[in-house]
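Presented below is the structure to which this report refers.
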Amino acid sequence: MTETLSYDILIVGSGLAGLRAAITAASKNKNLKIAVLSKVQVMRSHSVSAEGGTAAVLYENEGDNIESHIYDTIKGSDFLADQDVAEKLVNWIPSEIIQLDRWGMPWSRRDNGRIDQRKFGGYSFPRATYAQDKVGFYEMQTLYDTCLKYDNIFFFNEWFCTSILHEGNTFQGFTCIEMKNGNFVKVVAPSGIICTGGAGRIYSFSTYAYSSTPDGLDMAYRAGMALKDMEFVQFHPTGILPSGILITEGARGEGGYLINSEGERFMKNYAGEKLELAPRDVVSRSMITEIQAGRGFKHVTGADCLKLDLTHLGAERIKEKLAGIREIGIKFSGIDVIDEPIEVRPVCHYMMGGIHSNVDGATEFDGLWVAGEASCNSTHGANRLGANSTSECLVWGAITGELAANHALSKKNSIPSTDDHQFLMEEKRIYDGIFRGRGDSNPYEIRKNLTDTMDEKSYVYRNENDLIEGLKRIRSLKSLSWKHVDDQAKEYNTNFINVMEIDSMMRVAEIVLMGAINRRESRGAHARIDYPNRDDNNFLKHTLAYHNSDGEPRMEWHPVVFTRYAPVERKY
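Count along the sequence shown from 1, add 4, and you get the number used in this note's numbering.
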């Protein structure tokens, strides 16, 4: 007998976007029942790891303005952002900053008590609104505390969603595994929001939590929706070795320097105006160029790197503004940044691509929205500016929560009439195809080979030969007999969850590589050494990847929305 749970709104993912959506939906009508489904405990969502800030125009009387933020975002995107989306982000986010403040967010303050902001890469004004260097943690705590005030928000912690239930292009619900007992459950609702974050764990050297696998993206892809612009992977300049843990851009915003083995502050040679606060794609490419020119350092692991120097900031400023970074350096690198520079290297940090959606976060399925990093409404185009990601989560969390609530209210007296066919097919896919599978390949070794391949073949600089070789490797790995689960327990079977995660990682990694092969130009975070120039004539368009019955993605193109700015050469 299929266990079926029924709600008005289902939100998958409990990070910033998911919690913000839940609050908006719950406040819309107290009779709406909202379920938040998450494969981790709420405060273990990867959003807690955001460090540097949330971008917003707060002080127009001091010289900042909305138009500047819009243009910085569009220019930062290398003109691939949909400009109506960038406008919506910038116009909406200031009110979110104030709303968080009213809910108790402990923003860092100026001496006069006003909310403080710091410099961040690619911006014309200091507009990264911060809370020391733990902005994501504090934003999450603020939103979670606010959620607990609503009796109509129900949290399902450690529930792993495996597929989307739908009738044609109409959303009906999700299939889920309740991890504590292993039960396979159908959860239905007229409205759904996917807030499952990015796919950064398809790389080995990554700032992402190990739980940040592309389950939500893959659910949408298998259901028939497009994944958009997946070739655009952001490599943050400052990941520490060997873990990849992030050193926030706020460290450079506070005045940190990048230096090479000759002691030179080398960014003056690549971005004479912005220096270390050029956009992340520019800084990461500059770092790799320095390393390739022989001006890097060797980490004890043998990895090439450069150094981030904060020593000149002084102990008091570091303790006040970058206490978390100091702690990370001591614990994970054995270096106190007060006393000496820390070794860093560009690290996978963000996916500009995601589930194809419109300016309001609506997917190709009626009744289903997407928000946060799982979404590609084209806010960021080919390159995201730092601090615009937490802004995006808050804005489209609020927008999709409102729209999902309105939709649910319009369907209040009509429960989705799902049959068991899709449920049974999904049960067969994951239990017969994975849980009871047999094979001689270790799935954890397969995962390591997959992520190492992405590190090696689809990093900061790319070329056709490497990308094609990477794609061949991924497809070879897919064909091996790794879909099996040695642990046959029902309760908390993380082995089962892990193998399902690898299954999703395979498909999404393939899309990243195919998108990168097809885009024969360099734009934003996608840098091809064999096609070093941006090609607006042929590639000023979005990539769409659809699932094919033969297993390989079907690639299409989608137009970019222009409202006010024509593309120009991007200089910093």
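Note that CB positions come from ideal geometry on N, CA and C, so glycine has one too.
It should be emphasised that the depicted structure is a prediction, and the values quoted were computed from it without experimental measurement.
Leaving aside the five residues that flank residue 67 on each side, the residues in its chain whose CB is nearer than 7 angstroms to its CB run, in chain order, 129. Between the region 322 to 329 and the region 522 to 536, the count of C-beta pairs closer than 8 angstroms stays below three; the two stretches do not touch. Taking C-beta separations shorter than 7 angstroms and ignoring five residues to either side along the sequence, the partners of residue 266 in its chain run 299, following chain order.
Taking each of 34, 86, 20 and 156 in turn and checking the Cα distance to residue 388, the smallest one comes out for 86. In the DSSP assignment, residue 156 falls outside any beta strand (DSSP E) and carries neither an H nor an E. Beta-bridge annotation (DSSP): residue 133 is paired with 58 and 121. Inside the region 475 to 540, DSSP marks whole alpha helix (DSSP H) runs of 4 or more residues at positions 498 to 522, from first to last along the chain. Of the residues 15, 95 and 164, the one whose Cα lies closest to the Cα of residue 176 is 15. Between residue 222 and residue 547, the beta carbon gap of about 17 angstroms keeps them out of contact (Cβ cut-off 8 angstroms). With contacts defined by Cβ atoms closer than 8 angstroms, residue 557 and residue 549 form a contacting pair. DSSP places residue 394 inside the alpha helix (DSSP H), whose first and last residues are 392 to 414. Annotation: the region 313 to 387 contains the following complete segments of the beta strand (DSSP E) (minimum length 3 residues), in chain order: 346 to 355, 358 to 360 and 372 to 374. In the three-state DSSP reduction, residue 163 falls in the strand class (E or B).
As the crow flies, the alpha-carbon of residue 61 is around 13 angstroms from that of residue 90.
According to the DSSP assignment, residue 104 belongs to the alpha helix (DSSP H) that extends over 87 to 107.
Beyond the five residues adjoining it in sequence on each side, residue 430 comes within less than 8 angstroms, by CB distance, of 166, 167 and 179 in the same chain, given in chain order. Judged by DSSP secondary structure, residue 296 falls within the alpha helix (DSSP H) whose first and last residues are 284 to 296. In this structure, the straight-line span from the alpha carbon of residue 247 to that of residue 302 is close to 15 angstroms. Contact between residue 371 and residue 316 is absent: CB atoms are separated by about 54 angstroms, not below the 8 angstroms threshold. In the displayed model, residue 11 falls within coil according to three-state DSSP, outside both helix and strand. Taking the CA atoms as reference points, residue 514 sits about 7 angstroms from residue 478. By the Cβ neighbour-count rule, residue 169 is buried, with 16 or more other Cβ atoms within 10 Å of its own.
The residue among 11, 351, 336 and 187 with its C-alpha nearest the C-alpha of residue 310 is 351. Here residue 6 is exposed: its Cβ has fewer than 16 other Cβ atoms, across all protein chains shown, within 10 Å. A direct Cα-Cα distance of roughly 17 angstroms separates residue 52 from residue 240.
Within the same chain, and ignoring the five residues on either side of residue 552 in sequence, the residues whose Cβ sits closer than 8 angstroms to its Cβ are 558.
Between residue 529 and residue 237, the C-beta gap is smaller than 8 angstroms, which places the two residues in contact.
The three-state secondary structure of residue 16, taken from DSSP, is strand. Looking at the backbone, the Cα of residue 283 and that of residue 78 are separated by about 12 angstroms.
If you ignore the 5 residues before and after residue 482, its C-beta comes within less than 7 angstroms of the C-beta of 510, all in its own chain and listed in chain order. Per DSSP, residue 563 is not a residue of any alpha helix (DSSP H); the beta strand (DSSP E) it occupies stretches across 558 to 563. In the structure shown, the three-state DSSP call for residue 200 is coil. Excluding five sequence positions before and after residue 214, the CB atoms of its chain that fall closer than 7 angstroms to its own CB belong to 205, given in chain order. Under the 8 angstroms Cβ criterion, the region 179 to 191 does not count as touching the region 373 to 389, having fewer than three qualifying pairs. DSSP places residue 177 within a strand segment (E or B) once states are collapsed to three.
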